[in-house]
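Numbering of the sequence shown is given in our numbering, commencing with residue -11 and proceeding in unit increments.
To start, the structure itself, in structure tokens.
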Amino acid sequence: MAHDPRDEELLLSILDLQSPAYTAMPSLESALAAYTRAVAEQIGVPLHAVTHEVTDTATAYLGLTARTADRPQRDLMLIGDERLGWYVAIEPRGNDQPPVICHLRGQIAPPPTAVAQFVTDVLDGHRSGQLSPVPPRLDRATLAAHMSGTPA
């Protein structure tokens, strides 16, 4: 094995391998899947109304069954985004941008109980948090560790 970490990384990438230290961390895909399921369970969203994906951005979608009193005819969704964190928005119609109702400030991957409390607060009419500036982006290994409840 190479002595310089950069050389080691280069050699491993040429061989299409990962460093043993990296493989010990949960993959972002598996961490996001488990984290999204835990959030859905806390909120009471059935798994058929939950999706997640890791592309250029890791995102999660939960179709909420409850609606707000001021817009009872519109469906709501909870979105998790690795850059913006969690927010509640109105389901878009057609190609509309979903109007954001409220954004959960703080951590990108807070405990599922905190996300559930946020949703409860929004549905109860407490909407103080709006979209805020994008927080510093976490590297994906750190993000996966936070979602798994084992911050690196």
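Glycine is no exception: its CB is placed at the ideal position from the N, C-alpha and C atoms.
Just verifying my parser: in three-state terms, what is the DSSP assignment at residue i?
i	result
residue -4	helix
residue 69	strand
Check whether the Cβ atoms of residue i and residue j sit closer than 7 Å, and answer yes or no.
i	j	result
residue 74	residue 103	yes
residue 100	residue 26	yes
residue 40	residue 24	yes
residue 70	residue 108	no
residue 111	residue 22	no
residue 90	residue 115	yes
What does a CB cutoff of less than 8 Å around residue i pick up in its chain, not counting 5 residues either side in sequence?
i	result
residue 65	49, 50, 51, 52, 76, 77, 78, 79, 86
residue 63	51, 52, 55, 78, 79
Would you mind sorting residue i into buried or exposed? The rule is 16 or more other CB atoms within 10 Å of its CB.
i	result
residue 43	exposed
residue 94	exposed
residue 28	buried
residue 167	No information on residue 167 is available, as it lies outside the stretch -11 to 140 that the chain covers here.
residue -11	The pLDDT assigned to residue -11 is 48, lower than 50, so where the model puts this residue is not dependable, and the model offers no usable value.
Between which residues of its own chain and residue i is the CB-CB distance below 7 Å, once the five residues before and five after are set aside?
i	result
residue 19	132, 135, 136
Leaving out five residues before and five after residue i in sequence, what residues of the same chain have Cβ atoms less than 6 Å from its Cβ?
i	result
residue 106	92
residue 33	50
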